[in-house]
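J.:
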Amino acid sequence: MSPRPQVAPRLRRVLALVPWILAHPGVTVTELAERFEVSEAELERDLELLPMCGLPPYTADRLIDVSIIDGEVEIRLAEYFERPLRLTPAEGIALLAAGRALLGVPGSDTDGPLATALERLEEALGARGGLAVDVGGSNHVDVLQDAAAAHEQVEIGYYSFARDEMSTRVIDPWRVFHAFGAWYVAAWCHRAEAERLFRVDRIRDLRLTGDHFDPASRPEDGGPGLVYSPSDDDPRVTLWLGPEAAWVVESHPIESVEPLRGGAHRIVMAISEPAWLERLLLTLGPDARVEGPPAFSELAAGAAARLRARYGIS
Amino acid sequence: MADRLERLLNLTATLLDTRRPLTLDELAERVEPRYPDDLVARRRQFERDKETLRELGIPIRVETVDGFGADQAYRIHADDYYLPDLGLTPPERAALHVAVTAVRLDGDAGREGLAKLGGLEGSGARATLAEVPVTPALAALFDAVRRRATVEFSYRDEDRTLDPFGVVLRFGHWYVVGHDRDRDAPRAFRIDRIDGDPVIGAAGAFTPPADVDPGEYVRADPMTYGEDQPVRAEVLVDAPRAGWVVEQLGEEAVIERRDDGAVVVALDVVNRAAFRTWVLELLDHAEVLGPADLRAEMIAWLDALAVSTGAPNSTRSKQ
């Protein structure tokens, strides 16, 4: 026997299913199963349950009447379930946030069915104008999306934040997506001869090459994800972090962390590029210190000296 | 288990259909399959059912009725329960299906909401286009926006009282924006930085301004958002990073373009720490030109870095 399904999800489904059937008499079991993401067998079990339900004293005229003829479903005597249950705040915000985010993507149809659906939804929730989603219209997003859809190679001038350098490279754009407040393109980089993730707002210029790549070369999972995974070759650095810098522990991949007195921490993290650590130390200032290895202990002072030179101090 | 589902459905139907609130004794006489005869077991079972219905968002009201003494009575008001007809067309339902599949949020709330609106229409989206974070307090604050309820919360160790006009996702974070009652000024707060659960007041406590645009409350850049005395900063940015900076700040921020491709940008700073971080992340491609005190602050920051690195207890001197 299959494991018994939980009561709550099934109850939730039945309360959504019944109003739909009442409004669409003759709807087929097949369509209902697809629409409500359930197998036909499970759907039939739901429908078999309904004739045992109704109002006291549960006489024939008080029980829900279900008929399935040639796979077409009709329900009677369930007026009290004729409308679905209201959306919970979490459901309302999930629908609105997803819809508004998609509508904010460059190139989307701001007068189309999604826009009107969201207006109706906001109206029903009494939240007209109460939610805004800004995914940032980064310059090259729509061109990259078209290129990804057409499997066209592009040449980009790219600023590497971690290495603080500009480079020109040809990429096969696999997938364009938005996450954590920025747009990314997952791609095959012909210069690195490897999968790479590029932040679209760091692409300075972009040129369609007219050459195409084989879509079959695109990985099933859409290519590299967002998480930096340290390799064994990356050097490790030990940092002392003051209480004001505790957020670093939360927002970067850390190999080990040791809480110290007064809200300070000692952490060990892998460093892929020295410029990245330089930037972190410059911005943290007195709230961070390198404890080792010695190769990194002069990094912040060196960077500070370079910047001081800009201000005419030697 | 089917018995329990049956009773939950019958209980919901009975509470929706009744014209007056019903006590547990009355429900026990009516609803099938029957609640236990033993009063303690009956109460326990009923409380469990009630909790399950509450978790699904079914709004059971508890009322006291004359003649029943301390006994409580229960019903579901139609207005609390029934979703108004949104009049969605099939293309609109299909568009919402695409949105819920293209934009990934934590949890199933989007799909559960779709089911109430008539389930999945069309084929949805194939790949994730965007990921949207979900913060625990978000739904409660959105509900406060909806119900026009004043909220109180602790933010960076300060108590705040806010009439919330909207929630905004920007820079990858959710903000709640509105009128800060104590400061009598518009404010935006990052929801994930609110300490603990916000306290939501009674509905209908305020009227938001007409045509309010919550997006405008979260200013274009985090560093222009803060409580410091406003100052207009001028920053020289070298050619390699100039394009990026202009894209970020907008063309109107540029006050000078130099022959070598460098730009001078002007920006209003009300958060000096965020400004400093922004300039330092440009490494040696940027220089604060003025005003003098802001430039001096940057130099002092760099001076401190040039001497205070190394092991915490090192006594070596530099320069």
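The listed protein sequences derive, respectively, from chains L and Z.
If you use the numbering used here, the first sequence corresponds to residues 1 to 314, in order.
If you use the numbering used here, the second sequence corresponds to residues 1001 to 1319, in order.
Glycine included, each C-beta is placed from N, C-alpha and C at the ideal position.
Source: prediction; values computed, not measured.
1) With respect to the beta strand (DSSP E) encompassing residue 145 (chain L), which residues constitute its N-terminal and C-terminal limits?
2) Tell me which residues share the same chain as residue 1295 (chain Z) and place their Cβ nearer than 6 Å to its Cβ, disregarding the 5 neighbours each side in the sequence.
3) For a contact meaning CB atoms closer than 8 Å, what does residue 1277 (chain Z) contact in chain L?
4) Rounded to whole angstroms, what's the CA-CA distance from residue 1078 (chain Z) to residue 1035 (chain Z)? Just pull it up for me.
5) Determine the extent of the beta strand (DSSP E) in which residue 1166 (chain Z) is found, giving its start and end residues.
6) Determine the closest residue to residue 1298 (chain Z) out of L:310, L:297 and L:294, with distance taken between C-alpha atoms.
7) What residues of chain Z sit near residue 263 (chain L), judged by a beta carbon separation below 8 Å?
8) At a Cβ cut of 7 Å, what residues of the segment 43-65 of chain L count as close to chain Z, listed as they run along the chain?
9) May I ask you to list, following chain order, the residues of the segment 71-87 of chain L that have a beta carbon less than 9 Å from some beta carbon of chain Z?
10) If the criterion is Cβ atoms closer than 8 Å, does the pair residue 1031 (chain Z) and residue 1007 (chain Z) meet it?
11) Can you confirm whether residue 20 (chain L), when its beta carbon is compared against all beta carbons of chain Z, has any partner nearer than 8 Å?
12) What residue range does the beta strand (DSSP E) around residue 1130 (chain Z) cover?
13) Taking DSSP as the reference, what is the three-state secondary structure of residue 1173 (chain Z)?
14) Taking one C-beta from the segment 271-288 of chain L and one from the segment 296-304 of chain L each time, how about it: are there three or more such pairs within less than 8 Å?
15) For residue 1142 (chain Z) and residue 119 (chain L), what's the separation of their Cα atoms in angstroms?
16) Give me, in chain order, the residues of the same chain whose beta-carbon lies closer than 6 Å to that of residue 181 (chain L); leave out the 5 immediate sequence neighbours on both sides.
17) With 8 Å as the threshold, decide whether the Cβ of residue 1263 (chain Z) is near any Cβ in chain L.
18) Mind checking if residue 34 (chain L) is an interface residue toward chain Z, Cβ cutoff 8 Å exclusive?
19) I'd like to confirm the pairing. Which residues does DSSP put opposite residue 168 (chain L) in its beta bridges?
20) Smallest Cα separation from residue 1075 (chain Z): which of Z:1180, Z:1268 and Z:1019?
21) Who pairs with residue 1230 (chain Z) in a beta bridge, going by DSSP?
22) Taking all protein chains shown into account, decide if residue 145 (chain L) is buried (16 or more other Cβ within 10 angstroms of its Cβ) or exposed.
23) Would you call the CB atoms of residue 267 (chain L) and residue 241 (chain L) closer than 8 Å?
24) Is residue 1052 (chain Z) close to chain L? Criterion is C-beta to C-beta, closer than 8 Å.
25) What does residue 1151 (chain Z) touch in chain L if you count any residue whose Cβ is under 7 Å from its own?
26) Output the distance between the C-alpha atoms of residue 152 (chain L) and residue 1216 (chain Z), rounded to the nearest integer angstrom.
27) Please list, in chain order, all residues of the same chain as residue 1043 (chain Z) whose beta carbon is under 8 Å from its beta carbon, the five residues on each side excluded.
28) When the Cα atoms are used, what is the spatial distance from residue 1038 (chain Z) to residue 263 (chain L)?
29) Report yes or no: is there a C-beta of chain L within less than 8 Å of the C-beta of residue 1315 (chain Z)?
30) Please state whether DSSP places residue 1119 (chain Z) in a helix, a strand or coil.
31) Kindly say whether residue 193 (chain L), judged by its beta-carbon, lies nearer than 8 Å to any beta-carbon of chain Z.
32) For the candidate residues L:19, L:58 and L:107, whose alpha-carbon lies nearest to that of residue 79 (chain L)?
33) Let me know if residue 131 (chain L) comes out buried or exposed under the rule of 16 or more other beta-carbons within 10 Å of its beta-carbon.
34) Please report the distance separating the alpha-carbon of residue 1173 (chain Z) from that of residue 252 (chain L).
35) Compare the C-beta of residue 218 (chain L) with all C-beta atoms of chain Z and state if any pair is closer than 8 Å.
36) For residue 1312 (chain Z) and residue 288 (chain L), what's the separation of their Cα atoms in angstroms?
T.: With the given structure in hand:
1) From DSSP, residue 145 (chain L) is part of no beta strand (DSSP E) but of the alpha helix (DSSP H) over 141-150.
2) 1288
3) 283
4) 25 Å
5) 1158-1170
6) L:310
7) Per Cβ cutoff of 8 Å: no residues; residue 263 (chain L) is ~13 Å from chain Z at best.
8) 49, 52, 53, 54, 55, 56 and 58
9) 78, 79, 80, 81, 82, 83, 84, 85, 86 and 87
10) yes
11) yes
12) 1130-1132
13) strand
14) yes
15) 16 Å
16) none
17) no
18) yes
19) L:157
20) Z:1019
21) Partner(s): none; residue 1230 (chain Z) has no beta bridge.
22) buried
23) yes
24) yes
25) Under the 7 Å cutoff, chain L gives no residues; its nearest Cβ is about 13 Å from residue 1151 (chain Z).
26) 37 Å
27) 1024
28) 54 Å
29) At residue 1315 (chain Z), the pLDDT of 39 sits below 50, so the modelled position is not reliable and the matter cannot be decided from this model.
30) coil
31) no
32) L:19
33) buried
34) 17 Å
35) no
36) The predicted position of residue 1312 (chain Z) is uncertain, since its pLDDT is 44 and thus under 50; a value taken from the coordinates is nonetheless stated next. Taking the straight line joining both Cα atoms gives about 10 Å.
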